[in-house]
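Reading through the structure tokens given below for one structure.
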Amino acid sequence: MKFKCLALINLLVLQYLAILGISKGFDFFYFVQQWPGSYCDSDKFSCCYPPTGKPAADFSIHGLWPNYINGSYPQNCDPNNPFNESEISDLISNMRMNWPSLACPSSSGESFWSHEWEKHGTCSESVLDQHSYFETALSLRQQTKILQSLTSAGINPDGGSYGMENIKDAIKEGTGYTPWIECNEDSSGNSQLYQVYLCLDSSGSNLIECPVFPQGECGSEIEFPTF
Numbered sequence: 001m002k003f004k005c006l007a008l009i010n011l012l013v014l015q016y017l018a019i020l021g022i023s024k025g026f027d028f029f030y031f032v033q034q035w036p037g038s039y040c041d042s043d044k045f046s047c048c049y050p051p052t053g054k055p056a057a058d059f060s061i062h063g064l065w066p067n068y069i070n071g072s073y074p075q076n077c078d079p080n081n082p083f084n085e086s087e088i089s090d091l092i093s094n095m096r097m098n099w100p101s102l103a104c105p106s107s108s109g110e111s112f113w114s115h116e117w118e119k120h121g122t123c124s125e126s127v128l129d130q131h132s133y134f135e136t137a138l139s140l141r142q143q144t145k146i147l148q149s150l151t152s153a154g155i156n157p158d159g160g161s162y163g164m165e166n167i168k169d170a171i172k173e174g175t176g177y178t179p180w181i182e183c184n185e186d187s188s189g190n191s192q193l194y195q196v197y198l199c200l201d202s203s204g205s206n207l208i209e210c211p212v213f214p215q216g217e218c219g220s221e222i223e224f225p226t227f
């Protein structure tokens, strides 16, 4: 009987530690913004504007993703905490402007935001509740001003090609931190600027130099398409 009780206690402790690891066991966040012109000018995606019309020609939020230093990431951590639009009612107009969905069919963004919260946000709820998660991402977008950093360096969304190192240097000059650039291919197979990754510490408070970058790389020259 004594051994059964000890075994049960050990099992409960392991379960508790597993839960604790899910809720707290990440090392940093990727904050990811995407260029809508590259999303829409690619055979990889179907592009549909929201019911309100074409979004602004500016970088928009893709997500705020908890990650591990080894390159992996937690996901779908808490099925008991689904997306609840009422918790972010004061942020909706800001989100529709700065976190629009370009996926088809056309939508106001709720399914996109729900996906981001349930897959990624629930893994950060030990430091960011649902409202704080979305509010933090919106604040980071306002803080980083990616397009402004690029255009100030003469890198414009005009369909031209620009040096990858020049793009990185311009974003670092504007934000203070080294970005990671993700490319995709346009309908003609040319590499183009698609997403910009910056990193946030695990408290969700401060931008940091990324401890690790995703795999993959772009060419030395990439297009910056119009939108």
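Going by the UniProt record's numbering, the residue at position 121 of the sequence shown is 121; the numbering climbs one at a time, nothing skipped.
Glycine included, each C-beta is placed from N, C-alpha and C at the ideal position.
Distance between residue j and residue i (C-alpha atoms, nearest Å)
| i | j | result |
| --- | --- | --- |
| PHE28 | PRO82 | 22 Å |
| GLN215 | ILE181 | 11 Å |
| GLY219 | SER86 | 43 Å |
| GLN130 | CYS47 | 27 Å |
| GLU173 | LEU150 | 9 Å |
| ALA18 | THR136 | Low confidence applies here, because ALA18 scores a pLDDT of 40, under 50, leaving its location unreliable and the question unanswered by this model. |
| LEU20 | SER111 | Low confidence applies here, because LEU20 scores a pLDDT of 41, under 50, leaving its location unreliable; read the following figure in that light. Going from the Cα of LEU20 to the Cα of SER111 covers about 28 Å. |
| LYS54 | ASN94 | 15 Å |
| GLN33 | LEU140 | 10 Å |
| ASN166 | ASP78 | 41 Å |
| SER191 | ILE171 | 19 Å |
| SER108 | LEU102 | 9 Å |
| ILE61 | GLU209 | 19 Å |
| MET164 | GLU221 | 6 Å |
| ALA153 | PRO36 | 20 Å |
| ASP169 | LEU147 | 13 Å |
| SER72 | TYR177 | 22 Å |
| PRO179 | ASN80 | 34 Å |
| LYS145 | TYR194 | 15 Å |
| CYS199 | PHE31 | 6 Å |
| ALA57 | PHE227 | 6 Å |
| TRP99 | SER89 | 14 Å |
| THR52 | MET97 | 10 Å |
| ILE155 | ASP186 | 18 Å |
| GLY25 | VAL196 | 24 Å |
| GLN142 | PHE59 | 10 Å |
Residues bridged to residue i [DSSP beta-bridge criterion]
| i | result |
| --- | --- |
| VAL196 | GLN33 and ILE181 |
| ASP201 | PHE28 |
| SER191 | GLU185 |
| ASN207 | First, the amino acid is wrong: residue 207 is Leu here, not Asn. Note: LEU207 sits in a beta bridge opposite LEU200. |
The alpha helix (DSSP H) enclosing residue i, as first and last residue numbers
| i | result |
| --- | --- |
| SER93 | 92–98 |
Limits of the unbroken beta strand (DSSP E) element including residue i
| i | result |
| --- | --- |
| PRO66 | 60–67 |
| ILE88 | Where ILE88 is concerned, there is no enclosing beta strand (DSSP E), given that its DSSP letter is neither H nor E. |
| residue 256 | Absent from the model: residue 256. The displayed extent of the chain is 1 to 227, so no value can be given. |
Any non-hydrogen atom of the ligand MN within 7 Å of residue i CB
| i | result |
| --- | --- |
| GLY219 | With respect to the ligand MN, the structure shown offers nothing to examine, as it has no ligands at all. |
Chain B contact for residue i (CB, 8 Å cutoff)
| i | result |
| --- | --- |
| TRP117 | Among the chains of the structure shown, chain B does not appear; only one protein chain is present. |
Inside the region 119–171 only - beta strand (DSSP E) runs reaching at least 3 residues: 161–163
Segment contact flag, the region 154–166 with the region 117–128, C-beta cutoff 8 Å, min 3 pairs: no
At least 3 beta-carbon pairs within less than 8 Å: the region 199–209 vs the region 35–44: no
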